[in-house]
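Numbering (the numbering used here), first residue to last: 72 to 113.
Each residue gets a CB set at the ideal place from its N, CA and C atoms; glycine is no exception.
From a predicted model like this one, the values you see are computed outputs, not experimental measurements.
Below is one structure, written out as structure tokens; the observations come after it.
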């Protein structure tokens, strides 16, 4: 099983997209938790 440079580039690009999406989602999740805590304990 040999990977071309282009295949590796496409895979790395996809993983980068997934990585940024996960980062954004985790930041959004943390902010949502913080908002819940603020609203529950004013």
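Put residue i into one of helix, strand or coil per three-state DSSP.
| i | result |
| --- | --- |
| residue 75 | coil |
Using the C-alpha atoms, what's the distance from residue j back to residue i?
| i | j | result |
| --- | --- | --- |
| residue 78 | residue 91 | 20 Å |
| residue 100 | residue 83 | 25 Å |
| residue 108 | residue 76 | 48 Å |
| residue 87 | residue 110 | 34 Å |
| residue 102 | residue 89 | 20 Å |
| residue 96 | residue 80 | 24 Å |
| residue 104 | residue 85 | 28 Å |
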